[in-house]
Amino acid sequence: MAHIILLSWKKLFRDKVNTFWILCFPIVLGTLFNLAFSNLAKDEKMSPIPVAVILEDDEYADALEATIDEITDSTDPMLDPTYCTMDEAMELLEAKEITGILQSGEQVSLTISSNMTNDTLNQSILQAFTNEYNMQQDAIINILTTHPEKIADVLDNFETGTDYNKTVSLSRDDGASPFTQYFFNLLAMTSLFTAVGGIKIATENQANLTPLGARKCVSPTHKLVTLVSELIATTTYEFLLNIIGFCYLAYVLKVDILSRFPLSIFSLFISCLTGVSLGLFIGSLGQKQAEFKQGMVFAVTMPMCFLSGLMIGNMRIVIEEHCPIINKLNPAALISDCYYTLATYESLDRFKTDIITLIVYTCIFILFGFLVTRRQKYASL
Amino acid sequence: MQVYKTFFKIAKKYLSSCIIYFSIFIVLLIAMSKLGTETTNSRFEADTVNFAVIDNDNTTASEALLDYLTGKHELVTLDDYSNESLQDYMYYEKIEYVLIIPDGYEANLLSGKTENIISHSMRTDSAKGFFFNQDVNAYLDCLKLYLGADYSLSEALDATKDTIEATADTKPESITFEEKNNNIVSGMTSYFQYMAYVMMSGLIIAVSPILITFHKRNLQERLACSSTAVRTQSIGIGLGCITYCIAAWLILMVVAMILYRPENMFSETGLMFILNSFVYTICITLITLIIGSFNLETNALNLISNVFGLGTSFLCGIFVPLWYLSDKVLIFSQFLPTYWYVKNINMISGASGEAFSKATYWNYIGIEAIFIAALFAIFLLANTQRKKKAI
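So, in structure tokens, the structure goes:
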């Protein structure tokens, strides 16, 4: 057995092109993901929101102007105002040069354009500003009416921007970025792509598919010993390549996947084992050549990864709403969930369920692969 | 012509796997175009938030705060308020925000100790929670103003409630300006956007095995000593590949017509989308021809198709909108044809805020054409090098 494992390792190592690409795959994609999310993940200083301000000829106009000037004069201004007439403001809004129009009055009104679908964030910020301004204006007017003697004290003591609401984290990891889940899915995809190694094991043990398979079939070594040895060799080899990718994501790109390191590595191992055994399963099906079956690995794993949220982040949530069983059965979703639960939960219950499901898959795949490839007889080859 | 015909003879051998790839990619494309856009845009809007409350104070003041928040947002009552359950509810977006009102909230309010008077936990991949915080702040600012003017607690709570009612009507007025290109059927933009990913991954994975067959060492050597000129061979393979890719593009156009009806597809906007995708298809065909020039194994090819497909999709605005990418990333993305393809789609649909202009449309098409010329030059170079090596 040890001899077969050693020879398999040698064979895998000599396949330099494949080794290179398996190694490069998570590194290149991880780097590209990191570049794409770099802007979304960090709290970037927001640029001032361009806004048109229309001051009506009344007492409220001065208050609005004073507030906006105060905001504009601050070191990190939230607004970039243009004082103009309604007609000019509408032209600016139509030309998409401003996000909204603020008009003074007893209540400050906000006008936005529904054509600016990419500016919803700034529109929402303006809406929040208007709401807060109107509430404070109303409160101050009320105090002026009922307790005019107190208004000077109130305004002196009142400071906006008090931090009333502290953020607390319910998860283990306080600083987890919401985009980490894309990297969890990337790890799931690279682990499942190890199935290509499993395809090779299956086809190289079937005499009707490869000359090597034919030679192996006439050798006296027990089929189970050959299969298990090659499975061990391929899994460990692919696992080592995946560890390099994992470490690159964790240490070079600083992706938040290092919580509970031993368990994360264990998840990586189990997912590689599931991947290789999935390949063994696909490789054992039908009489098609290895190239076709390798293609099938991608045809099977890509939809799995799509469903677990590799392309559209909240895919899992959509699935959970409509057909939650898919999340419990999809190997890609289970693998990414392992990393997610390790990063988030104190308890390991959900993690255990995920790992057990993956192990059950592995056992079924290996058993099926073994049953199909053993004791085959050929009339001619 | 002989090489051209041979290309399709080999293609026939790979037909079954191609049909499987295309069926899967078309299903993915339809699913992505249905789900994609709405989820990305809704993440940055202020909207009603589903929130849960842990009220450890249970006083008039805490109830008043809850009344105010319930009026604007959706309070969700849960079976279990343990940390893990809350995390689960939050993960699956049953709730997006958890407000924790500690014991002593009312007392702290009266004594003026308002710093960190309450706490919260929220989903950080959406802006909804931040706007919920704004609402909480607006309420507490207002309450603080009244308390500062020596109102009693009940008076201040009532006055705040009145203020909320008085200002409740100030919802923003939304104006829709008439635009030249507002006859776009919902989903059509997403379809063409996600089509770039499908074409990139699908064509590389489906066409490259055919090309690689031509470059297998034995066959390459036999071809090199045949009477057919090297140029004729390259033209035959190139034309075969282009025909094949255009056929794939036509299938996707037929699917689009079924989904979005022919009259929309043949409208001015629809035709602009179609031309843009056609030029982009030629770009990808050339990329496929270049990748196919290297004698790679199926596995390596599959990985490369994923790196190209997913990588460009994340960097060029397919999975993450262009306006959310950093300037540095955008500088890099400009060297990829997908960027200009997506930029054109965004401009036609008005999604990026860039005003539509026909001149700009043709500029972007022109840039894609420049990529075609550059890729064609690389293909010729790679082909010449390979032939030399074979001889």
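Residue numbers (the numbering used here), protein chains in the order written: chain A, 10 to 390; chain B, 3 to 393.
Positions of the beta carbon are idealized from the N, C-alpha and C atoms, including for glycine.
For His-331(A), does the count of other Cβ atoms within 10 angstroms reach 16, so buried, or fall short, so exposed?
His-331(A) is exposed by the Cβ-count criterion.
May I ask you to list the residues that DSSP assigns as paired with His-122(B)?
DSSP lists Thr-176(A) and Leu-101(B) as partners of His-122(B).
Got a sec, what are the start and stop residues for the alpha helix (DSSP H) Thr-91(A) sits in?
Careful: Thr-91(A) lies outside any alpha helix (DSSP H), inside the beta strand (DSSP E) at 88–92.
Mind pulling the chain A residues with CB within less than 9 Å of Pro-174(B)?
Ordered by position in chain A, the residues that pass the 9 Å Cβ test against Pro-174(B) are Gly-109, Ser-118, Leu-119, Thr-120, Ile-121, Gln-132, Leu-135, Gln-136 and Thr-139.
Using only alpha-carbon positions, find the residue among Val-344(B), Tyr-141(B), Glu-117(B) and Ser-229(B) that is nearest to Lys-175(A).
Nearest option by C-alpha distance: Glu-117(B).
Compare the Cα-Cα distances from Ala-170(B) to each of Leu-142(B), Lys-74(B) and Val-5(B) and report the closest residue.
Out of Leu-142(B), Lys-74(B) and Val-5(B), Lys-74(B) has the C-alpha closest to the C-alpha of Ala-170(B).
Confirm, please, whether the CB-CB distance from Val-264(A) to Leu-258(A) is below 7 Å.
Yes.
Determine whether the beta carbon atoms of Thr-283(A) and Leu-351(A) lie at a separation below 7 Å.
Contact flag unset, no.
Going by other Cβ atoms of all chains shown within 10 Å of its Cβ, with 16 needed for buried, is His-122(B) buried or exposed?
It is buried - the Cβ of His-122(B) has at least 16 other Cβ atoms within 10 Å.
Between the Cα of Ala-370(A) and those of Leu-102(A), Gln-215(A), Asn-339(A) and Thr-245(A), spot the shortest distance and give me the residue it belongs to.
Inspection of the sequence shows that residue 370(A) is occupied by Tyr rather than by Ala. Among Leu-102(A), Gln-215(A), Asn-339(A) and Thr-245(A), the Cα nearest to that of Tyr-370(A) is on Asn-339(A).
Going by C-alpha to C-alpha distance, which of Ser-18(B), Val-100(B) and Leu-71(B) sits closest to Asn-85(B)?
Closest by alpha carbon: Val-100(B).
Please decide whether Thr-171(A) counts as near chain B, where near means a Cβ-Cβ distance under 7 Å.
At least one chain B Cβ lies under 7 Å of Thr-171(A).
Quick check on this structure: which residue in Leu-41(A), Thr-212(A) and Asp-346(A) has the alpha carbon closest to the alpha carbon of Ile-266(A)?
Looking at the Cα atoms, Asp-346(A) is the closest of the given residues.
When the Cβ atoms of the stretch 210–227 of chain A are set against those of the stretch 316–334 of chain B, are three or more pairs found closer than 8 Å?
They do not touch, by the three-pair rule.
Between the stretch 199–218 of chain B and the stretch 304–312 of chain B, can you find at least three pairs of beta-carbon atoms closer than 8 Å?
Counting Cβ pairs under 8 Å, three or more are found: they touch.
Can you tell me whether Arg-219(B) is buried or exposed? The criterion is at least 16 other CB atoms within 10 Å of its CB, across all chains shown.
By the neighbour-count rule (16 or more Cβ atoms within 10 Å), Arg-219(B) is not buried but exposed.
What in chain A is Cβ-close to Tyr-94(B), meaning under 7 Å?
Per Cβ cutoff of 7 Å: Ile-326 and Glu-329.
Can you tell me whether DSSP reads Ile-291(A) as helix, strand or coil?
Note: Ile-291(A) maps to helix in three-state DSSP.
Spell out the partners DSSP gives Val-117(A) in its beta bridges.
The partner list for Val-117(A) (beta bridge, DSSP) is empty, contrary to what the question assumes.
From Leu-319(A), Tyr-260(A), Thr-203(A) and Arg-269(A), pick the residue whose C-alpha is nearest to that of Ala-242(A); which is it?
Measuring from the Cα of Ala-242(A), the nearest candidate turns out to be Thr-203(A).
Can you pull the chain B neighbours of Leu-14(A), defined as C-beta to C-beta under 8 Å?
Looking at the sequence provided, one finds Ile at residue 14(A) rather than Leu. Those do not exist, as Ile-14(A) stays about 21 Å from chain B at its closest Cβ, beyond 8 Å.
List, in chain order, every chain B residue whose beta-carbon is nearer than 9 Å to that of Gln-145(A).
Simply Ala-140, Asp-143, Cys-144, Leu-147 and Thr-165.
Who are the Cβ neighbours of Ala-70(A) in its own chain at under 6 Å, not counting the five residues just before and after it?
These residues qualify, in order along the chain: Leu-64 and Ser-113.
Could you name the residues of the same chain whose beta carbon sits closer than 6 Å to that of Ser-280(A), not counting the 5 residues immediately before and after it, in chain order?
Excluding sequence neighbours, Ser-280(A) sits near Ser-200 and Ile-344.
I want to check one thing, is the minimum distance from the CB of Arg-269(A) to the heavy atoms of the ligand HEM below 6 Å?
Among the ligands in the structure shown, none appear at all, so the ligand HEM cannot be discussed.
Which residues, in order along the stretch 266–294 of chain A, keep a beta-carbon less than 8 Å from a beta-carbon of chain B?
Listed by position, the residues of the stretch 266–294 of chain A near chain B (Cβ gap below 8 Å) amount to none.
Quick check on the burial criterion: 16 or more other C-beta atoms within 10 angstroms. Buried or exposed for Leu-15(A)?
Leu-15(A) should be labelled exposed.
Nearest chain A C-beta to Asn-58(B) closer than 7 Å, yes or no?
Not an interface residue.
Around the Cβ of Ser-236(B), are there at least 16 other Cβ atoms within 10 angstroms (buried) or fewer (exposed)?
By the 10 Å Cβ count, Ser-236(B) comes out buried.
With DSSP as the reference, label Ala-371(B) as helix, strand or coil.
Note: Ala-371(B) maps to helix in three-state DSSP.
Could you name the residues that DSSP lists as bridge partners for Ala-54(B)?
The partner list for Ala-54(B) (beta bridge, DSSP) reads Val-100(B).
Tell me where the alpha helix (DSSP H) around Ala-226(B) begins and ends.
Ala-226(B) -> alpha helix (DSSP H) spans 219–226.
Which partner residues does Leu-111(A) have in the DSSP bridge list?
Bridge partners of Leu-111(A): Val-62(A) and Leu-119(A).
Give the DSSP bridge partners of Ile-177(B), in chain order.
According to DSSP, which records beta bridges pairwise, Ile-177(B) is partnered with Ser-122(A).
Tell me which residue opens and which closes the alpha helix (DSSP H) that Ala-163(B) is part of.
Checking the sequence, you will find Lys at residue 163(B) rather than Ala. That run of the alpha helix (DSSP H) goes 155–169.
List, in order along the chain, the chain B residues whose C-beta lies closer than 8 Å to that of Asn-48(A)?
Tyr-326, Leu-327, Ser-328 and Val-331, listed in chain order.
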